[in-house]
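S.K.: Residue numbers (the working numbering): 848 to 1290. Pasting a structure below so you can have a look.
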Amino acid sequence: MNWNQIINEVTTTLQDLLRFDTTNPPGNETPCIEYIATKLKRDGVEARVFESAPGRGNLVARLKGDGTLPPLLLMGHVDVVPAEADKWQRAPFSGDLVDGVVWGRGATDMKQMVAMELITFLAIQRAQLPLKRDLILMANADEETGGAMGAGWVAQNHPELIRAEYAINEGGPTSLVLGDQVFYFCSTAEKGSARFTLRSRGEPGHASQPSKHNALLPLARAVAQLIETPLPLRACASARASIEALARSVDGEMRKNVLALLDPAQHERALAALPIAAPQKRRLAASLHNTAVPTILRAGSKINVIPGEAECKVDCRILPGTTRESLEQELRAVIGNEIEIEFAPIFLALESDPNSPLFETIRAVVEERDPGARLVPGLITGGTDAKSVTQLGTQVLGFVPMRYEGPAMTGLAHNHDERISVANLEFGTRVLWDVVTQFCGKG
């Protein structure tokens, strides 16, 4: 293996992927997907490209094994969220490489993982490694707006092409340092989505004649209560296993504070005491609560008219075991009964077995590549395309092998100045190569 050549190819591939503006909406992922297909075809791999709608490209490719064991799926999406270019130090779709760092929207969510998966896949093809499992590569459109035109469409229309025993998907968080102990996370659970609209009604009228029955007032109170009052602390199996695994690997006051995260009476104090970056604290807290975050407000359409109705869209992420009924009870305890709640379709949370052969393979590789580090189960606080492939019976683990590189390089997904170091690309590719070849290889 010429690792210098491989890392150079991963880096340039990521730069190329970042230069495709796949902002979703509208997506327009097909040119990016065709780029991946071209790279595969150059090495003799058949790549099937499907458009779920004009411009919404998806790709599936397969390396055949001997069928001893069921397939492993490497999955990733190429669409990205919008970027406010005027707030970036470098152009969001430049793919610039500066001082060992690659810049661009999607550098950490998740074109870096697509690049690592693609080059690992190609390296196995070039080496003609014998496999005991088929290895499937899937690259998708539309994950950032729910996946209906991406992984969901492929799972519904071509399930036979992607059905696998296990899948490696994006995950979060990636790594964490507590004291001197390094942890890597492998997500075995993923929050569901229960978005809803809060709606209040009042008496419309002329704004020159104020009224206490303004529809905005009860809505404003409810929004403030939601922002200021966390929903109750609840630990699902994966989140509890994660906290307990962290605690076992540290001692003293640090251990007490980690375990205290599970205690509603001590949670906020313990979280504040942990010596970790603010984005990591927010993620830890979100893994132990259902979250309901107001994001869009709508009321009147004319400045001199008191609105008769006001509403707020709320992005709500729910833990495994949460139902619509149990969630509404939590919400009512915070906002009361004066406000209407209208739920959009609910997607329940997912949870996979952390005691799986794939998890153990990842654990062994992590501990070999970063001696002294520990792999712990984790929970993704957002949603991913995992929901589409789990319907086919696939166990999905979220694992992005990236080292912790300090607060400045943390929490960059969906943020301004998204970027990744070449050093982390190298580490991630080496880890992914080891995981895939050990899990799928015959030798």
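Every residue, glycine too, gets a C-beta built ideally from N, C-alpha and C. Note that the structure is a prediction, hence the values are computed from the model and not measured.
Taking DSSP's pairing of strands, which residues face S1047 in a bridge?
M.R.: In the sequence shown, the residue the question calls residue 1047 occupies position 200. S1047 is bridged to A1157.
S.K.: At 3 residues or longer, and completely inside the stretch 995-1068: list those beta strand (DSSP E) runs for me, N to C.
M.R.: Counting whole runs of 3 or more residues, the stretch 995-1068 contains the beta strand (DSSP E) stretches 1013-1016, 1022-1025, 1028-1037, 1043-1048.
S.K.: Need the endpoints of the beta strand (DSSP E) that R1102 sits in, please.
M.R.: In the sequence shown, residue 1102 corresponds to position 255, counting from 1. Element bounds for R1102: not the beta strand (DSSP E) but the alpha helix (DSSP H), 1099-1107.
S.K.: State yes or no: is the C-beta of S1085 within less than 8 Å of the C-beta of A1133?
M.R.: Mapped onto the sequence shown, residue 1085 falls at position 238. Mapped onto the sequence shown, residue 1133 falls at position 286. No, the pair does not count as a contact, with Cβ atoms beyond the cut-off.
S.K.: So G953 packs on Q862, CB below 8 Å; how close in whole Å?
M.R.: Working through the sequence shown from its first residue, we reach residue 953 at position 106. Working through the sequence shown from its first residue, we reach residue 862 at position 15. Actually they do not touch by this definition, with Cβ atoms about 11 Å apart.
S.K.: Here's the rule: buried if 16 or more other CB atoms are within 10 angstroms of the residue's CB, otherwise exposed. What is N871?
M.R.: For this step, residue 871 is matched to residue 24 along the sequence shown. Its Cβ being crowded by 16 or more others within 10 Å, N871 is buried.
S.K.: Per DSSP, what kind of secondary structure is Q1238 in: helix, strand or coil?
M.R.: On the sequence shown, residue 1238 is found 391 positions in, with the first residue counted as 1. Looking at Q1238 - three-state DSSP - the assignment turns out to be coil, as it is neither helix nor strand.
S.K.: Find out if the Cβ-Cβ distance for the pair L887, V896 is shorter than 8 Å.
M.R.: Counted from its first residue, the sequence shown places residue 887 at position 40. Counted from its first residue, the sequence shown places residue 896 at position 49. No. Outside cutoff.
S.K.: Restricting to Cα atoms, I'd like to know which of Y1031, E1115, S1047 is closest to T1076.
M.R.: Here residue 1076 refers to the residue found at position 229 when the sequence shown is read from its first residue. Ranking the options by Cα distance to T1076, first place goes to E1115.
S.K.: Can the beta-carbon of K1038 be found closer than 8 Å to that of K1289?
M.R.: Here residue 1038 refers to the residue found at position 191 when the sequence shown is read from its first residue. Here residue 1289 refers to the residue found at position 442 when the sequence shown is read from its first residue. No, the Cβ-Cβ distance between K1038 and K1289 is not below 8 Å.
S.K.: So, are the CB atoms of L982 and L910 less than 8 Å apart?
M.R.: Locating residue 982 in the sequence shown gives position 135, counting from the first residue. Locating residue 910 in the sequence shown gives position 63, counting from the first residue. Yes, they are a contact pair.
S.K.: Answer yes or no: do G1019 and A1124 have a C-beta to C-beta separation smaller than 8 Å?
M.R.: For this step, residue 1019 is matched to residue 172 along the sequence shown. For this step, residue 1124 is matched to residue 277 along the sequence shown. No; because the gap between Cβ atoms is not below 8 Å, this pair is not in contact.
S.K.: With distances taken between CB atoms, is the gap from F1374 to P1248 smaller than 8 Å?
M.R.: Outside the modelled stretch of the chain, which goes from 848 to 1290, sits residue 1374, for which no answer is possible.
S.K.: For T1142, which residues from the same chain have a beta carbon less than 6 Å from its beta carbon, with the 5 sequence-adjacent residues on both sides left out?
M.R.: Taking the first residue of the sequence shown as 1, we reach residue 1142 at position 295. Cβ neighbours of T1142 beyond the five flanking positions: K1160, D1162.
S.K.: Cutting at 8 Å between CB atoms, please list the residues of its own chain near A1107, excluding the five before and the five after it.
M.R.: Stepping through the sequence shown from its first residue, residue 1107 is reached at position 260. Within the same chain, A1107 has close Cβ partners Q1113, H1114, R1116, A1117.
S.K.: Here's a check: name, in chain order, each residue in its chain whose Cβ is nearer than 6 Å to the Cβ of E1156, leaving out the five neighbours to either side.
M.R.: Residue mapping note: residue 1156 aligns to position 309 of the sequence shown, counting from 1. Within the same chain, E1156 has close Cβ partners R1048, A1062.
S.K.: Got a sec? Which residues, its chain only, sit under 6 Å from A1120 by beta carbon, not counting five neighbours each side?
M.R.: The residue labelled residue 1120 in the question sits at position 273 within the sequence shown. Cβ neighbours of A1120 beyond the five flanking positions: N1104.
S.K.: Can you tell me whether A974 is buried or exposed, with buried defined as 16 or more other CB within 10 angstroms of its CB?
M.R.: By one-based count along the sequence shown, residue 974 stands at place 127. With fewer than 16 other Cβ atoms within 10 Å, it is exposed.
S.K.: I believe T1276 touches M963 by the beta-carbon criterion, under 8 Å. Please report the beta-carbon distance rounded to the nearest angstrom.
M.R.: Counting from 1 along the sequence shown, the entry for residue 1276 is found at position 429. Counting from 1 along the sequence shown, the entry for residue 963 is found at position 116. About 5 Å; that satisfies the 8 Å criterion.
S.K.: Specify the secondary structure class of S1268 as computed by DSSP and reduced to three states.
M.R.: The sequence position of residue 1268 within the sequence shown is 421, counting from 1. Strand, per DSSP.
S.K.: Kindly list the residues whose CB is nearer than 6 Å to the CB of A908, restricted to its own chain and excluding five residues on each side of it in sequence; keep chain order.
M.R.: Looking up residue 908 in the sequence shown gives position 61. Hits under 6 Å: L887, V892, A894, L984.
S.K.: According to DSSP, is G1275 helix, strand or coil?
M.R.: Residue numbering aside, residue 1275 sits at position 428 when the sequence shown is read from its first letter. Helix.
S.K.: Please list, in chain order, all residues of the same chain as E1252 whose beta carbon is under 7 Å from its beta carbon, the five residues on each side excluded.
M.R.: Numbered from its first residue, the sequence shown carries residue 1252 at position 405. Answer for E1252: S1268, N1271, listed in chain order.
S.K.: Name the two residues that bound the continuous alpha helix (DSSP H) containing A1117.
M.R.: Along the sequence shown, one-based indexing puts residue 1117 at 270. Unbroken alpha helix (DSSP H) run through A1117: 1114-1120.
S.K.: Drop a sphere of 10 angstroms on the beta-carbon of H1136, count the other beta-carbons inside from all chains shown, and report buried for 16 or more, exposed for fewer.
M.R.: For the purposes of this step, residue 1136 is identified with residue 289 of the sequence shown, where counting begins at 1. The residue is buried, with at least 16 neighbouring Cβ atoms inside 10 Å.
S.K.: Name the residue from N1004, L1093, C1083, V857 whose alpha carbon lies nearest to the alpha carbon of L969.
M.R.: One-based indexing of the sequence shown puts residue 969 at position 122. Selected option, being the one with the closest Cα: V857.
S.K.: Whose C-alpha, out of L1109, L1131, T1208, D1232, is nearest the C-alpha of F1286?
M.R.: Position 439 of the sequence shown, counting from 1, holds the residue named residue 1286. Among L1109, L1131, T1208, D1232, the Cα nearest to that of F1286 is on T1208.
S.K.: Between D890, A932, L920, which lies nearest to V1283 when the distance is taken from Cα to Cα?
M.R.: In the sequence shown, counting from the first residue as 1, residue 1283 sits at position 436. Closest by alpha carbon: L920.
S.K.: Over what stretch of residues does the beta strand (DSSP E) that includes W935 continue unbroken?
M.R.: By 1-based counting over the sequence shown, the position of residue 935 is 88. First-last for W935: undefined, no H or E at that position.
S.K.: For I1186 and R1068, I'd like the C-alpha separation in whole angstroms.
M.R.: Counted from its first residue, the sequence shown places residue 1186 at position 339. Counted from its first residue, the sequence shown places residue 1068 at position 221. When rounded, the distance between both Cα atoms is 10 Å.
S.K.: The alpha helix (DSSP H) that contains T967, what's its start and end?
M.R.: Within the sequence shown, numbered from 1, the residue matching residue 967 stands at position 120. Where T967 is concerned, the enclosing alpha helix (DSSP H) stretches over 958-974.
S.K.: Rounded to whole angstroms, what is the Cα-Cα separation between T1237 and S1058?
M.R.: Translated into positions along the sequence shown, residue 1237 becomes position 390. Translated into positions along the sequence shown, residue 1058 becomes position 211. Going from the Cα of T1237 to the Cα of S1058 covers about 52 Å.
S.K.: Under a three-way DSSP split, which group does M1256 fall into?
M.R.: Counted from its first residue, the sequence shown places residue 1256 at position 409. Of the three classes helix, strand and coil, the one that applies to M1256 here is helix, per DSSP.
S.K.: Under the assumption that V928 contacts E991 (Cβ atoms under 8 Å), give the Cβ distance between them as a whole number of angstroms.
M.R.: Taking the first residue of the sequence shown as 1, we reach residue 928 at position 81. Taking the first residue of the sequence shown as 1, we reach residue 991 at position 144. Confirmed, about 5 Å.
S.K.: On the DSSP letters alone, give me the boundaries of the alpha helix (DSSP H) that N851 sits inside.
M.R.: The count along the sequence shown starts at 1 and reaches residue 851 at position 4. It spans 850-865 - the alpha helix (DSSP H) in which N851 sits, taken as one unbroken run.
S.K.: With L1216 as the anchor, note down where its alpha helix (DSSP H) starts and where it stops.
M.R.: By 1-based counting over the sequence shown, the position of residue 1216 is 369. The amino acid occupying residue 1216 in the given sequence is Arg; Leu does not appear at that position. Where R1216 is concerned, the enclosing alpha helix (DSSP H) stretches over 1204-1216.
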